[in-house]
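Have a look at this one:
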């Protein structure tokens with residue numbers, strides 16, 4: 062029953078996010094039409110929406126309104142979508158498949174893909190800077206700073222730079238963890254923090270525990286990604302399987318082995334659970350989502 066409840070909740074949030082993204086994105090027939098078509102192509106009807114799910118799950122701790130959470134979650138998802146568009150470009154990972162369909166530069170062209178990333182990033186900050194009901198200006202400024210830090214040189218972009226520089230290199234585990242804490246983990250941490258701060262204020266101690274949870278589950282997400290890149294096929298993943306090994310990229314599987322990487326993901330999940338001990342039943346969705354992240358098959 063608990064699993065059915067979680068699946069029902071997850072489906073509802075995913076549907077809520079599809080509606081919200083439809084509303085926040087420019088219409089496909091408005092000018093410049095090709096850019097707007099491409100923005101919608103890469104953002105709508107695709108992906109697991111893990112980051113928005115984290116926003117909504119953390120929002121249960123702060124009692125945030127659905128509108129506040131939808132706006133914050135859409136901002137995070139737009140940053141994520143932009144990062145995928147740029148990540149797939151020939152000058153980066155040079156991939157042709159994302160979320161089960163041709164990548165943006167294949168479906169449109171490279172110049173459009175670059176502009177889509179730029180436009181989604183700036184639209185994300187427009188959303189998060191729009192006044193939210195019950196959120197003070199100081200807190201809203203903090204939300205903008207959190208998303209900016211997670212997206213830039215000290216977060217996702219910095220992690221991607223390290224990733225590109227690491228092709229063919231032998232990283233040790235602390236170096237690999239640092240790279241993924243930036244590239245993947247930073248935006249996942251931001252998703253939790255945005256949800257937690259979109260409603261009533263939480264204590265500094267509560268925010269600290271949530272950040273520990275987010276760090277652990279963000280790293281677990283990447284470990285599972287590395288495992289799936291080895292075990293799952295392209296049709297299941299919706300992106301090219303085995304690409305990390307083909308590109309000689311350091312991964313948790315290449316450093317630890319498959320069995321050890323799976324065990325590490327489970328240990329990280331247990332540590333994430335422990336960080337939520339003081340929240341009681343309000344944190345049940347976050348715990349269920351952590352289980353989903355570690356047990357997922359794509």
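In the working numbering, the protein residues as written are 62 to 359.
All residues carry an ideal CB built from backbone N, CA and C; glycine is no exception.
Could you work out which residue in 218, 284, 282 and 253 is closest to residue 269 when comparing CA atoms only?
As a working mapping, residue 269 is identified with position 208 in the chain shown. Of 218, 284, 282 and 253, the residue nearest in Cα terms is 253.
With distances taken from CA atoms, which of 125, 316 and 339 is nearest residue 233?
Here the question's residue 233 lines up with position 172 in the chain shown. Taking only the C-alpha atoms, the option nearest residue 233 is 316.
To the nearest angstrom, report how far apart residue 90 and residue 130 are at their CA atoms.
Stepping through the chain shown from its first residue, residue 90 is reached at position 29. Stepping through the chain shown from its first residue, residue 130 is reached at position 69. Cα-Cα distance, rounded: 27 Å.
Taking the straight line between their C-alpha atoms, what separation do you get for residue 172 and residue 239?
Translated into positions along the chain shown, residue 172 becomes position 111. Translated into positions along the chain shown, residue 239 becomes position 178. When rounded, the distance between both Cα atoms is 31 Å.
Return the CA-CA distance between residue 241 and residue 194, expressed in angstroms with no decimal places.
In the chain shown, residue 241 corresponds to position 180, counting from 1. In the chain shown, residue 194 corresponds to position 133, counting from 1. About 34 Å.
DSSP bridge partner residues for residue 163 (one or two, in chain order)
Counting from one through the chain shown, the residue named residue 163 turns up at place 102. Answer by DSSP bridge pairing, in chain order: 158.
Quick one: Cα of residue 213 to Cα of residue 247, how far?
Here the question's residue 213 lines up with position 152 in the chain shown. Here the question's residue 247 lines up with position 186 in the chain shown. So the two alpha carbons sit approximately 10 Å from each other.
On the criterion of 16 or more Cβ atoms from any shown chain inside 10 Å, does residue 152 qualify as buried, or is it exposed?
Working through the chain shown from its first residue, we reach residue 152 at position 91. Exposed is the call here.
Tell me which residues share the same chain as residue 221 and place their Cβ nearer than 6 Å to its Cβ, disregarding the 5 neighbours each side in the sequence.
Numbered from its first residue, the chain shown carries residue 221 at position 160. Excluding positions up to five away in sequence, the list reads 244.
Residue burial classification, residue 258 (beta-carbon count within 10 angstroms, cutoff 16)
Along the chain shown, read from residue 1 onward, the residue named residue 258 stands at position 197. Under this definition residue 258 is a buried residue.
Residue 132 - DSSP class collapsed to helix/strand/coil
Indexing the chain shown from 1 puts residue 132 at position 71. Reduced to three states, the DSSP call for residue 132 is helix.
Is residue 64 helix, strand or coil by DSSP?
Position 3 of the chain shown, counting from 1, holds the residue named residue 64. DSSP places residue 64 in helix when its eight states are reduced to three.
Look up residue 141 in the DSSP assignment and say whether it is helix, strand or coil.
Here residue 141 corresponds to residue number 80 of the chain shown, with the count starting at 1. Three-state result, residue 141: helix.
With distance defined between alpha-carbon atoms, name the residue in 112, 159 and 70 nearest to residue 296.
The count along the chain shown starts at 1 and reaches residue 296 at position 235. The shortest Cα separation from residue 296 among 112, 159 and 70 belongs to 159.
Rounded to whole angstroms, what's the CA-CA distance from residue 331 to residue 65? Just pull it up for me.
Looking up residue 331 in the chain shown gives position 270. Looking up residue 65 in the chain shown gives position 4. Each residue's alpha carbon lies about 22 Å from the other.
Just the C-alpha distance for residue 313 and residue 273, rounded to the nearest angstrom, thanks.
If you number the chain shown from 1, residue 313 lands on position 252. If you number the chain shown from 1, residue 273 lands on position 212. Cα-Cα distance, rounded: 21 Å.
Would you call the segment 272–291 and the segment 134–154 in contact, with 3 or more CB pairs under 8 Å?
no
Residue ranges of each alpha helix (DSSP H) run of no fewer than 4 residues wholly in the segment 245–321, ordered along the chain?
247–257, 265–292, 295–298, 304–307 and 313–317
Under 8 Å between the Cβ atoms of residue 301 and residue 179?
Locating residue 301 in the chain shown gives position 240, where the first residue counts as 1. Locating residue 179 in the chain shown gives position 118, where the first residue counts as 1. Cβ distance not < 8 Å, so residue 301 and residue 179 don't count as in contact.
Same chain only: Cβ atoms within 6 Å of residue 68, ignoring 5 sequence neighbours per side
Start at 1 with the first residue of the chain shown, and residue 68 comes out as number 7. Nothing meets the Cβ criterion.
Do you know offhand how far residue 134's Cα is from residue 161's?
Along the chain shown, read from residue 1 onward, the residue named residue 134 stands at position 73. Along the chain shown, read from residue 1 onward, the residue named residue 161 stands at position 100. Cα to Cα, the separation comes out at about 22 Å.
What's the gap between the Cα of residue 84 and the Cα of residue 120?
Numbered from its first residue, the chain shown carries residue 84 at position 23. Numbered from its first residue, the chain shown carries residue 120 at position 59. Going by the C-alpha atoms only, they are around 21 Å apart.
In whole angstroms, what separates the C-alpha of residue 124 from that of residue 358?
Here residue 124 refers to the residue found at position 63 when the chain shown is read from its first residue. Here residue 358 refers to the residue found at position 297 when the chain shown is read from its first residue. Cα-Cα distance, rounded: 31 Å.
Between 192, 207 and 282, which lies nearest to residue 255 when the distance is taken from Cα to Cα?
Working through the chain shown from its first residue, we reach residue 255 at position 194. Looking at the Cα atoms, 207 is the closest of the given residues.
Host alpha helix (DSSP H) of residue 100 (start-end)
As a working mapping, residue 100 is identified with position 39 in the chain shown. 94–104 is the span of the alpha helix (DSSP H), which, as asked, contains residue 100.
Using a Cβ-Cβ cut-off of 6 Å (strictly less than) and excluding sequence neighbours within five positions of residue 291, which residues of its own chain qualify?
Working through the chain shown from its first residue, we reach residue 291 at position 230. Counting only Cβ-Cβ distances below 6 Å, and skipping sequence neighbours, we find 314.
Report the option in 106, 76 and 122 whose CA atom is closest to the CA atom of residue 263.
The residue labelled residue 263 in the question sits at position 202 within the chain shown. The residue with the shortest Cα to Cα distance from residue 263 is 122.
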